[in-house]
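A.B. asks:
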Amino acid sequence: MLSEEDAEVYAVEMKGIAKRFGSVMATDGVDFAVRQGEIHALLGENGAGKSTLMSVLFGLYKPDAGEVLIHGKPVKLRSPHDAGVAGIGMVHQSFRLVQSLTAMENIVLGESAGLWRGSKWRKRKQAEIEALAERFGLRFPVDRPIWQLSVGEQQRVEIVKTLYRHSDIIVLDEPTAVLTPNEADDLYETLRQLRASGKTVIVTTHKLKEVMAACDTISIMRKGKMIASMKREATNEKELARLLMGREPLASVPVERSAPGKRLLRVERVEAKGDHGELALNSIDLEVCRGEIVGVAGVAGNGQKELAEVITGMRPALRGSLIFNEETVRRPTIRDMIRRGIAHVPENRMRIGMAGSLNVTDNLLMKSYGSPERRKFGFLRRQANRDWAERLVEAFNVDMPSVDASVRQLSGGNQQKLLLAREIDSSPDLLLAVHPTQGLDVGASEVVHQLLMGLRNRGGAVLLISEDLDEVLKLSDRVLVLYNGAINGEFIPQHARKEQIGLCMTGMNESREAAV
Numbered sequence: 121m122l123s124e125e126d127a128e129v130y131a132v133e134m135k136g137i138a139k140r141f142g143s144v145m146a147t148d149g150v151d152f153a154v155r156q157g158e159i160h161a162l163l164g165e166n167g168a169g170k171s172t173l174m175s176v177l178f179g180l181y182k183p184d185a186g187e188v189l190i191h192g193k194p195v196k197l198r199s200p201h202d203a204g205v206a207g208i209g210m211v212h213q214s215f216r217l218v219q220s221l222t223a224m225e226n227i228v229l230g231e232s233a234g235l236w237r238g239s240k241w242r243k244r245k246q247a248e249i250e251a252l253a254e255r256f257g258l259r260f261p262v263d264r265p266i267w268q269l270s271v272g273e274q275q276r277v278e279i280v281k282t283l284y285r286h287s288d289i290i291v292l293d294e295p296t297a298v299l300t301p302n303e304a305d306d307l308y309e310t311l312r313q314l315r316a317s318g319k320t321v322i323v324t325t326h327k328l329k330e331v332m333a334a335c336d337t338i339s340i341m342r343k344g345k346m347i348a349s350m351k352r353e354a355t356n357e358k359e360l361a362r363l364l365m366g367r368e369p370l371a372s373v374p375v376e377r378s379a380p381g382k383r384l385l386r387v388e389r390v391e392a393k394g395d396h397g398e399l400a401l402n403s404i405d406l407e408v409c410r411g412e413i414v415g416v417a418g419v420a421g422n423g424q425k426e427l428a429e430v431i432t433g434m435r436p437a438l439r440g441s442l443i444f445n446e447e448t449v450r451r452p453t454i455r456d457m458i459r460r461g462i463a464h465v466p467e468n469r470m471r472i473g474m475a476g477s478l479n480v481t482d483n484l485l486m487k488s489y490g491s492p493e494r495r496k497f498g499f500l501r502r503q504a505n506r507d508w509a510e511r512l513v514e515a516f517n518v519d520m521p522s523v524d525a526s527v528r529q530l531s532g533g534n535q536q537k538l539l540l541a542r543e544i545d546s547s548p549d550l551l552l553a554v555h556p557t558q559g560l561d562v563g564a565s566e567v568v569h570q571l572l573m574g575l576r577n578r579g580g581a582v583l584l585i586s587e588d589l590d591e592v593l594k595l596s597d598r599v600l601v602l603y604n605g606a607i608n609g610e611f612i613p614q615h616a617r618k619e620q621i622g623l624c625m626t627g628m629n630e631s632r633e634a635a636v
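Just so you know, we're using this note's numbering here: the sequence shown kicks off at 121 and counts up by one.
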């Protein structure tokens with residue numbers, strides 16, 4: 121007679137899943153099982169194969185070997201439609217939303233003649249979606265276009281879309297990679313509500329604290345193989361880090377502070393509007409010198425995005441001055457700021473920084489294709505450019521099948537390293553890095569930190585905009601706090617207390633002099 125454990129039927133069971141991309145074995149005979157009604161963390165470093173495994177489950181990839189069982193029954197998942205019929209919904213790291221449509225229109229997209237029905241039907245659907253969102257604490261403006269929503273709100277739209285389509289198994293791929301700490305806390309509270317309602321949740325991640333705080337079961341992948349699976353209470357962060365990396369975690373090395381050199385950038389009394397016409401930058405003043413990293417800390421939505429876009433020429437300022445290398449920049453454009461020596465690692469690497477459909481070489485060429493090194497007689501130097509791309513990939517330790525592979529095939533960490541390779545190879549005077557380690561594992565984050573410090577140590581400058589206060593304090597020579605579109609405090613990291621910075625981030629310390 122079978123024991124209760126032996127007779128258990130899993131909500132998801134994947135057996136011997138193998139998937140190869142060229143010479144890279146993304147998943148190598150992986151077994152993975154998830155119980156009904158649990159939050160199951162699939163843990164792994166960037167490139168470990170966890171996103172590939174979930175893409176097989178969602179019907180995006182056809183496995184080279186193996187089978188998938190849903191509630192004990194074998195299924196053929198040849199497309200996301202097949203996955204939806206099987207009750208599987210997926211929230212991708214890069215959201216699959218139509219920017220010009222409203223949140224409601226995105227959620228009902230695909231229903232027969234849905235968007236063209238009358239106002240009564242639309243009002244009924246809007247009320248239905250609002251009620252569903254309210255039930256799980258996923259509030260967002262249902263009638264607003266996607267491009268006007270924050271990243272956190274867009275993710276809520278994606279989750280509600282899976283619930284609207286009656287998914288019982290919900291997969292979230294690196295769900296907190298693009299969220300602030302507060303948004304991440306709200307997300308995991310939502311996942312607990314989903315679990316309480318009987319949903320099965322699978323979360324791919326590499327963030328150990330979140331795993332230990334919110335997940336029931338943890339499975340660990342490394343280099344395409346399933347290494348271990350255990351209950352949360354049977355492990356700890358240190359053990360998970362060892363299994364994740366295949367070695368003991370390295371001790372944290374203190375960052376040496378740098379003495380600033382000549383002033384490079386001055387932002388004087390700059391004002392700019394946000395996407396909704398509100399005043400996003402309010403008479404902001406700051407400066408950055410050569411040989412220093414200046415960190416900008418703040419709660420999301422306090423002008424970080426607008427500040428980065430004004431400095432890089434992506435957004436016009438209403439008034440104020442930008443002075444770079446002691447020269448006033450009048451009506452800055454993107455091309456002009458690149459020419460002056462400003463490099464940019466944007467918040468959304470795949471929407472602004474790179475083109476996912478293009479290959480590695482073409483993405484590396486985006487800013488330098490017009491230079492004499494990259495073209496001759498008006499034509500690109502194809503072999504020379506390919507050799508150059510391979511050297512960059514090797515120098516920055518980007519793991520990929522080849523430079524001919526499309527960028528969307530790379531893991532998030534390798535995409536970020538590739539973006540940094542392109543920006544730093546241009547030998548910029550100033551690198552504007554916005555959330556540079558967002559969504560990266562411990563090892564990839566350390567590589568990014570070393571690259572930023574290397575640029576600073578060579579006499580360049582870095583303006584680091586991050587909502588990770590630990591990262592800002594670790595790397596920065598000076599820390600500025602942005603609140604309500606203005607600088608609300610300035611700190612020297614060695615002398616700063618987190619509590620004091622936290623007060624400035626919430627607007628409770630209006631005296632800038634007291635903060636220094």
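Glycine included, C-beta positions come from ideal geometry on N, C-alpha and C.
Taking a contact to mean a Cβ-Cβ separation below 8 angstroms, would you say Pro466 touches Ile458 in this structure?
C.D. replies: no
A.B. asks: How is the beta strand (DSSP E) around Ala581 delimited, first residue to last?
C.D. replies: Ala581 to Ile585
A.B. asks: What three-state label does DSSP hand Thr172 in the structure shown?
C.D. replies: In the three-state reduction of the DSSP assignment, Thr172 falls in the helix class.
A.B. asks: Using the C-alpha atoms, what's the distance from Glu158 back to Ala371?
C.D. replies: Any answer about Ala371 is weak, because its pLDDT of 49 lies below 50 and its placement is not dependable; what the coordinates show is given next. The straight-line gap from Cα to Cα measures roughly 34 angstroms.
A.B. asks: Do Gly169 and Ala146 have their C-beta atoms within less than 8 angstroms of each other?
C.D. replies: yes
A.B. asks: So, helix, strand or coil for Gly609, using DSSP?
C.D. replies: Here Gly609 carries a strand assignment [DSSP, helix/strand/coil].
A.B. asks: In the DSSP assignment, the alpha helix (DSSP H) including Tyr284 goes from what residue to what residue?
C.D. replies: Val271 to Tyr284
A.B. asks: Identify, in the order they occur along the chain, each residue of the same chain with its Cβ nearer than 6 angstroms to the Cβ of Lys182, setting aside the five sequence neighbours on each side.
C.D. replies: Taken in chain order, the list of residues that qualify is empty.
A.B. asks: Do Lys327 and Thr296 have their C-beta atoms closer together than 8 angstroms?
C.D. replies: yes
A.B. asks: Are Phe256 and Gln219 touching if we call contact CB-CB under 8 angstroms?
C.D. replies: no
A.B. asks: Go ahead and pull the three-state DSSP assignment for Asp405.
C.D. replies: Here Asp405 sits in strand by DSSP.
A.B. asks: Considering only DSSP beta bridges, list what Tyr603 is partnered with.
C.D. replies: According to DSSP, which records beta bridges pairwise, Tyr603 is partnered with Ala606.
A.B. asks: Helix, strand or coil, according to DSSP, for Leu364 in the structure here?
C.D. replies: Residue state for Leu364 is assigned as helix, using DSSP reduced to three classes.
A.B. asks: Note down the Cα distance separating Glu110 from Val527, rounded to an integer number of angstroms.
C.D. replies: Shown here, the chain extends from 121 to 636; a query on residue 110 therefore has no answer.
A.B. asks: Please say whether Ile340 and Leu311 have beta carbons closer to each other than 8 angstroms?
C.D. replies: no
A.B. asks: So what's Asp288 in DSSP terms, helix, strand or just coil?
C.D. replies: coil
A.B. asks: Across which residues does DSSP place Glu447 in a beta bridge pair?
C.D. replies: According to DSSP, Glu447 bridges with Phe444.
A.B. asks: In whole angstroms, what is the alpha-carbon distance linking Cys335 and Thr324?
C.D. replies: 11 angstroms
A.B. asks: When DSSP labels each residue in this structure, what does Leu328 get in the three-state scheme?
C.D. replies: Three-state result, Leu328: helix.
A.B. asks: What whole-angstrom Cβ distance do Met520 and Asn534 have, given they're in contact under 8 angstroms?
C.D. replies: Yes, they are in contact, since the Cβ atoms of Met520 and Asn534 sit about 6 angstroms apart, within 8 angstroms.
A.B. asks: Please report how far the alpha carbon of Gln246 lies from the alpha carbon of Gly142, in whole angstroms.
C.D. replies: 45 angstroms
A.B. asks: When the Cα atoms are used, what is the spatial distance from Ala138 to Val567?
C.D. replies: Pairing Ala138 with Val567, the inter-Cα distance amounts to about 29 angstroms.
A.B. asks: Look up Phe152 in the DSSP assignment and give the residues it is bridged to.
C.D. replies: Met134, per the DSSP bridge assignment.
A.B. asks: Using 8 angstroms as the cut-off, can you tell me whether the stretch 601–614 makes contact with the stretch 399–409, which would need three or more C-beta pairs spanning the two stretches below that distance?
C.D. replies: A contact exists between the stretch 601–614 and the stretch 399–409.
A.B. asks: For Met455, name the three-state secondary structure that DSSP assigns.
C.D. replies: Looking at the sequence itself, residue 455 is Arg, so the reference to Met does not match. DSSP places Arg455 in helix when its eight states are reduced to three.
A.B. asks: Going by alpha carbons, who is nearest to Glu254 out of Glu231, Leu283, Ser239 and Pro265?
C.D. replies: Leu283
A.B. asks: Does Lys496 come out as helix, strand or coil in the three-state DSSP assignment?
C.D. replies: strand
A.B. asks: Rounded to whole angstroms, what's the CA-CA distance from Pro261 to Ala316? Just pull it up for me.
C.D. replies: In a straight line, the C-alpha of Pro261 is about 25 angstroms away from that of Ala316.
A.B. asks: Compare the C-alpha of His464 against each of Glu543, Ser349, Ser565 and Leu269 and name the closest.
C.D. replies: Glu543
A.B. asks: Under the rule that 16 or more other beta-carbon atoms within 10 Å means buried, what is Arg502, buried or exposed?
C.D. replies: Of the other Cβ atoms in all chains shown, fewer than 16 fall within 10 Å of the Cβ of Arg502; this residue is therefore exposed.
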